[in-house]
C-alpha cells in the first residue's frame, strides 16, 4: 500500500500521569503527520493553504481505535494513506505502530474550504494529481475527482 | 435524556490560525468534561482513580463528527450521557452545542484498567450505581453490569 | 492588594508522567486567567480584541518561579494584579497557590498591537480606566497612561 | 559557543488565531529541545530518567523574552547551552531563531529530583561529564560539580 511515513518519539508532552499517551495528543500527532505530508509529499504547506491560498482544511469527522497504549520513549511510526479523494474532501487512513504493535488506527475526512466562509472548494488539479500517489485503491477514486 | 452538563468558552488555546477550534482541543474538552463528571456526578475524582485506587481509565475507541466549526469566544455547552455500562468499560456519548447549533458529536469507550498492567477491572459497585443515572436507556444495561 | 481571582483544578491534561504539572501547562493556565480577566473584569473579550478591534495582545517577556510542584487534583487559586500600565503595554503579576502553598509566581508584559503589523497601539481609554482597579500601586502609574 | 541544535517548523498546533505562536507552545518546544538533548547528547533519555532511574527533572524557574513573533511555517532553529552545572541543578540557555531574527531567548533552571519525594539529587558523574561539552564557560563550573 502506498503510504507516507513519519516517525514520532513519545515525549513528556504526550503523556499523562498514568504514564501512557493522553488521547488528545494522538490527534496532535495526526495533525503533524498530515501537515508534513501536505508539505513534503504534496508540496502544499499549510502556511500556503491558509496564507496566500486563503483556504482551510478542517476535519468533519474522525474515528480512532487504540488497541494498546503507548508510553514515554516509544517510537511511533505513522503511516498515512488516502482511502478516497472526493471533489472537495479527502478520506484519510492513519496508523501508528511501535514494532509489530499497532497503537492507534484512525480514519477521518478533511474538507477543503474557503477560510472566510467555510464553503467547500474543489481540489486544485495539481494537488489532486499528487494525492493519487497515496491512494489505497487508485483506480476506484480517479473518476470521482474527475467528476 | 439524563445528561451531565458542562460549559466551556472557546479560548485562544483552543483555536488555530484559521480562527476555528483545532481538532485535538475538542478532545481535551472531552477529557475535561469526563473528569468533571467523574468528580462531580460520580464522586470519583481522577486523582483518586489514578492515586489511591491504582487504576486508569483510557479510551479504546472514539468517533467524532463536526457538523459546523466553533470559533474564539463561542460558548460550548457539553452534554454527557452513558450509552452502555459494561463489566469493565463504559460507552459514552457527548455533544457540544452553541445555541441550536451542534458543533461536535462524539461517542467513545473507556476501559477501567489496573494502572500497572493495563488489565481490565470490574466497576466498583458504588460507581456502577451512580453511572446508571446517566444511562440513555437504563433498563437495557443494568443486567450487563450485574453479569 | 486588588486582584482578580480564578480557580483551576489540575486535570490529566496538565500533568506529565512523574505526576506533576508540566511546565507549558502553567502558561496555558496563565493565558486562561488573563483571557477571563479581560472578559469579566475589563469587559473586553479576546474575541473582540482579535475580532472587530483587529488587535492582538502578545507577551514580549515572562518570568516564572515554581517553589513547589502541583499534582493531579490540586486546586490552584490564581491571583492577577497589574504592576504597571504603560502607554501600549501592561506589566502583570500572577500567582498560583494551593492553600498556603505558592506553586507558581509569574510576572510578564503584554503589548497591545495591531494584528496585521504587530505595531504597538495605545490602550483604549475605557479599558485603561478599568485596568486601574487592578493596579498594585495605582497612583504610581496613572500618570504614565495619561502621557 | 558549544550548543545543541534542534530545528522545529511552526505548525498549526503552535499558533493561535492572530497567526502567531501561542506563548505556551514555545515552552513545549523548549521541553522538546531539552528532551532531545538529554537523549542524543547525554545518552540519558527521559524514559530512563523517569523510568528505571526513578528521577524527575522539573523546572524551578524560567525567564523568556520574545523580541519578535513567529508564524505558521517559520523554521525555528533552537540552540541549547549550559550556563552553569550545579550539584543537583542545571542552568540552561536556549534561543530560537529564524534566519538572523531572534524570536525567543530563554534561561531556566532544572533540578534533579527523586520522583517520589521531589528531593534533590546529585548528578550522576557520567552525565555531569557529558554536560560539560555544552557549558558556555566550562572552566568556571567544573569545580562546582566536583564539590
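Protein chains in written order, with the numbering used here: chain A, 79 to 225; chain B, 79 to 225; chain C, 79 to 225; chain D, 79 to 225.
C-beta atoms are modelled at their ideal positions from N, C-alpha and C, and glycine is treated no differently.
Since the model is a prediction, treat every value here as computed from it, not as a measurement.
6 Å CB neighbourhood of residue i in its chain, flanking five on each side removed
i, result
"residue 104 of chain C", "182"
"residue 187 of chain B", "138, 139, 167 and 169"
"residue 208 of chain D", "120"
"residue 171 of chain D", "159, 161 and 185"
"residue 122 of chain D", "116 and 205"
"residue 143 of chain C", "183"
"residue 129 of chain C", "none"
"residue 202 of chain D", "none"
Per DSSP, cross-strand counterpart(s) of residue i
i, result
"residue 169 of chain B", "B:162 and B:187"
"residue 86 of chain C", "C:154"
"residue 133 of chain A", "A:192"
"residue 179 of chain A", "A:176"
"residue 149 of chain A", "A:98"
"residue 143 of chain A", "A:183 and B:139"
Close Cβ partners of residue i (< 7 Å) along its chain, the five nearest in sequence each way excluded
i, result
"residue 84 of chain D", "111, 114 and 156"
"residue 199 of chain B", "133, 166, 190, 191 and 192"
"residue 98 of chain A", "147, 148 and 149"
"residue 88 of chain A", "99, 148, 149, 150, 151, 152 and 154"
"residue 179 of chain D", "146"
"residue 176 of chain B", "148, 152, 153 and 154"
"residue 109 of chain D", "none"
Limits of the unbroken alpha helix (DSSP H) element including residue i
i, result
"residue 198 of chain C", "Premise fails: residue 198 of chain C is in no alpha helix (DSSP H) and is neither H nor E."
"residue 116 of chain D", "101 to 118"
"residue 127 of chain D", "124 to 128"
Where residue i falls, given that 16 or more other Cβ within 10 Å makes a residue buried
i, result
"residue 91 of chain B", "buried"
"residue 151 of chain D", "buried"
"residue 174 of chain B", "buried"
"residue 220 of chain D", "With a pLDDT of 41 at residue 220 of chain D, under the threshold of 50, the predicted position of this residue should be treated as unreliable, though the coordinate-derived value follows. It counts as exposed."
"residue 95 of chain D", "buried"
"residue 102 of chain C", "buried"
Spatial neighbours of residue i in its chain, beta-carbon cut-off 8 Å, leaving aside the 5 residues before and after
i, result
"residue 124 of chain C", "113, 116, 117 and 135"
"residue 141 of chain A", "184, 185 and 186"
"residue 107 of chain C", "86, 92, 154, 156 and 174"
"residue 127 of chain B", "116, 133, 134 and 135"
"residue 81 of chain B", "157, 158, 159 and 212"
"residue 196 of chain C", "134 and 136"
"residue 214 of chain D", "79, 80, 159, 160, 161 and 171"
"residue 131 of chain D", "none"
Residues of the region 133 to 158 of chain C whose Cβ lies closer than 7 Å to any Cβ of chain D, in chain order: 134, 136, 137, 138, 139, 140, 141, 142, 143, 144 and 147
Mind checking the region 121 to 132 of chain B against chain F and listing, in chain order, the residues whose C-beta falls within less than 7 Å of any C-beta there? Among the chains of the structure shown, chain F does not appear; the protein chains present are A, B, C and D.
Scan the region 92 to 124 of chain B for residues whose Cβ lies nearer than 7 Å to a Cβ of chain C and list them as they occur along the chain. 106, 109, 110, 113, 123 and 124
Check distances from the C-beta atoms of the region 172 to 206 of chain B to those of chain A and list, in chain order, the residues that come in under 8 Å. 193 and 196
In the region 80 to 91 of chain D, which residues sit with their C-beta less than 9 Å from some C-beta in chain A, listed in chain order? 87, 88, 89, 90 and 91
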